[in-house]
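Protein chains in written order, with the numbering used here: chain A, 7 to 338; chain B, 7 to 338.
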């Protein structure tokens, strides 16, 4: 089947911070499927700096929606706290909506977003950006039909380096070390051939903060499934080398024939590199956001949506069954 | 439309502890819709004591399912920890399944139970027993179409009186004060005319335990909805009078005409009594489990299921966004 190239859809970016400039704007330009038609920036003036002087800037999404009634889609790039209300407003105005991770502060809010999208009959795409790496897709393909004996997530980074001074991350609802950790769980739920449930967790909260600075999880496949145990170690105080790795030991032979006698897959560098039995297989530069915009366009064309609650569910489950412990106070 | 009285369905009770004897057995007898055909009790011998000497007793559900292939349904009355595997086993064996609250230890497990029920094409009924009171239904009816300005849940009981020595309730995954508290949330989600989300929570965990002994929640309706704020105060150390109350202040006039100028509803005694503007309206003896078995039978007849995740979602959301605090050690 051949398809003629469709006309770009018009898109507004709401919230013009670091992620919008560094990722969304270049990905929109590179894929050519959307035309950036507006930016919402409460402080104004931002797009000129970004070389987008012909793009109109609005102080609020409400103003943008009123001024551009023909706008097709909106990408919400704000901090999590205001994301929910903006997403509902955009859907009700008949726009297709792309939202960053985590898609909501709570599971109930995520459920309400789904209801809003269904009510508006518009595409809601809650993107888990870490999934959009070729090495993640290759890992998923290799694990389909395989038996996973054990997987170990190690997601350790220095919060002072990646989130300097961002107190919101340690405030209630800010996710703490689960803010990066949920990226690992979004990959895990994508690549495993069967679901896992949280059996045990330990969460360490600094004495002067509200969210975990470190966490360990023990997960399991259900009885008789193709997945054994999965552990996760999340840490926000990693010095030296930063680690975002999922090491997978397989037992059986997958559809793709990992090899008799089992095979070991190491998905490293945040999901961008894959080694099989120690041999590098794939190492592609990060093109996550181009994949996100391609998928967003596909979903709109198919009148579909994509909201996967599983990564957020695993975090909530860990908070529900976990043992909360107080640890040393944290200061920047 | 008239319906002839259907023949009773055969049912096995799995787990023959206090709730099975005090509630399930009498409700099955009173409603006459099911015939108790078997009991699973790992320690054996229990039904004789309960005056059910003609009911066969099995050591495990597996044995019961093998011995009685024609069994229609199963009621799982075990502690939460083993509930999941038993429910999946019963569904896969083609049985309709009734489970007690909370329906699962985690949201992921609840999702997997739904998948299992759909796969087996059998009824799964996750009963929230507190909902099966006439006063709860009357409150729901009165709030339909009304505007709820504020609702205050006060759920305070003495854990030493109601759960003496039950260490599991304070162990990770045991829910702590949310074990009774989730009953209040199951009523709340049933009676409110619009959903609420958890905005803030504080959870107090004894220094020598893993689950909260007290919690406060602040919830809100979403912007523009018929519900304002809802607070909840859960406490496991209540001396003297035990309190299980939801006080509701309405602003607008509901479909049933609560009255101009607003109206106040007090749903007390765990949902069994309702007062309107201070005047007692309804006080019926607890017949929760008869209602549960009637509904279970209806669901089976309609080839439907009933698994409402919302109460568990609110608890998980509170754990996710809440501030966890350490409080005094707890000893029985």
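Just so you know, even glycine gets a beta-carbon here, dropped at the ideal spot from N, CA and C.
Span separating the alpha-carbon of residue i from that of residue j
{"i": "residue 174/B", "j": "residue 217/B", "result": "10 Å"}
{"i": "residue 80/B", "j": "residue 42/B", "result": "10 Å"}
{"i": "residue 207/A", "j": "residue 185/A", "result": "16 Å"}
{"i": "residue 148/B", "j": "residue 296/B", "result": "23 Å"}
{"i": "residue 311/B", "j": "residue 119/A", "result": "24 Å"}
{"i": "residue 328/B", "j": "residue 284/A", "result": "42 Å"}
{"i": "residue 180/B", "j": "residue 331/A", "result": "17 Å"}
{"i": "residue 249/B", "j": "residue 225/B", "result": "20 Å"}
{"i": "residue 66/B", "j": "residue 304/B", "result": "28 Å"}
{"i": "residue 129/B", "j": "residue 62/B", "result": "24 Å"}
{"i": "residue 204/A", "j": "residue 324/A", "result": "6 Å"}
{"i": "residue 133/A", "j": "residue 107/A", "result": "6 Å"}
{"i": "residue 266/A", "j": "residue 219/A", "result": "Caution is warranted here: a pLDDT of 43 is assigned to residue 266/A, below 50, making its placement in the model unreliable, and the coordinate value is therefore given only provisionally. Going by the C-alpha atoms only, they are around 40 Å apart."}
{"i": "residue 166/B", "j": "residue 338/B", "result": "7 Å"}
{"i": "residue 58/B", "j": "residue 302/B", "result": "22 Å"}
{"i": "residue 336/B", "j": "residue 253/B", "result": "30 Å"}
{"i": "residue 223/A", "j": "residue 334/B", "result": "26 Å"}
{"i": "residue 182/A", "j": "residue 161/A", "result": "13 Å"}
{"i": "residue 291/B", "j": "residue 145/B", "result": "16 Å"}
{"i": "residue 87/B", "j": "residue 138/A", "result": "37 Å"}
{"i": "residue 36/A", "j": "residue 143/A", "result": "21 Å"}
{"i": "residue 245/B", "j": "residue 278/B", "result": "21 Å"}
{"i": "residue 92/A", "j": "residue 83/A", "result": "10 Å"}
{"i": "residue 13/B", "j": "residue 177/A", "result": "58 Å"}
{"i": "residue 348/A", "j": "residue 196/A", "result": "Residue numbering for chain A in the displayed model covers 7 to 338; residue 348/A lies beyond these limits and cannot be assessed."}
{"i": "residue 103/A", "j": "residue 131/A", "result": "6 Å"}
{"i": "residue 298/B", "j": "residue 33/B", "result": "9 Å"}
{"i": "residue 306/B", "j": "residue 322/B", "result": "30 Å"}
{"i": "residue 19/A", "j": "residue 40/A", "result": "11 Å"}
Three-way DSSP call (helix, strand, coil) for residue i in this model
{"i": "residue 318/A", "result": "helix"}
{"i": "residue 337/B", "result": "coil"}
{"i": "residue 84/B", "result": "coil"}
{"i": "residue 186/B", "result": "helix"}
{"i": "residue 286/B", "result": "strand"}
{"i": "residue 278/B", "result": "coil"}
{"i": "residue 40/B", "result": "strand"}
{"i": "residue 26/B", "result": "helix"}
{"i": "residue 79/A", "result": "strand"}
{"i": "residue 324/A", "result": "helix"}
N- and C-terminal bounds of the alpha helix (DSSP H) containing residue i
{"i": "residue 168/A", "result": "165–168"}
{"i": "residue 117/B", "result": "113–126"}
{"i": "residue 61/B", "result": "Where residue 61/B is concerned, there is no enclosing alpha helix (DSSP H), given that its DSSP letter is neither H nor E."}
{"i": "residue 67/A", "result": "67–73"}
{"i": "residue 141/B", "result": "140–149"}
{"i": "residue 198/A", "result": "Premise fails: residue 198/A is in no alpha helix (DSSP H) and is neither H nor E."}
{"i": "residue 98/A", "result": "89–98"}
Where the beta strand (DSSP E) containing residue i begins and where it ends
{"i": "residue 19/A", "result": "15–20"}
Cross-strand partners of residue i (DSSP beta bridge)
{"i": "residue 254/B", "result": "157/B and 271/B"}
{"i": "residue 131/B", "result": "104/B and 312/B"}
{"i": "residue 294/B", "result": "None, per the DSSP bridge assignment."}
{"i": "residue 240/A", "result": "161/A and 221/A"}
{"i": "residue 208/B", "result": "222/B and 329/B"}
{"i": "residue 300/A", "result": "Answer by DSSP bridge pairing: none, since residue 300/A is not bridged."}
{"i": "residue 235/A", "result": "156/A and 226/A"}
{"i": "residue 203/B", "result": "226/B"}
{"i": "residue 46/A", "result": "20/A and 64/A"}
- Message: Using a Cβ-Cβ cutoff of 8 Å, what residues of the stretch 107–120 of chain A are near chain B? List them in chain order.
- Response: 111, 112, 113, 114, 115, 117 and 118
- Select from the stretch 156–190 of chain A all residues with a C-beta closer than 7 Å to any C-beta belonging to chain B, and list them in chain order. 178 and 179
- Report the residues of the stretch 292–322 of chain B with a CB closer than 9 Å to any CB of chain A, ordered along the chain. 315, 316, 318, 319, 320, 321 and 322
- Short-range partners of chain B found in the stretch 194–205 of chain A, where Cβ spacing is below 7 Å: 201, 203 and 204
- Message: Short of 8 Å Cβ to Cβ, which residues in the stretch 220–252 of chain B face chain A?
- Response: 228 and 229
- Query: Relative to chain B, which residues along the stretch 26–43 of chain A have a C-beta separation below 7 Å, given in chain order?
  - Reply: none
- Cβ-based contacts, 8 Å cut-off: residues of the stretch 327–338 of chain B near chain A: 327, 328, 329, 330 and 332
- Selection of the stretch 71–84 of chain A by Cβ proximity to chain B, strictly under 9 Å: none
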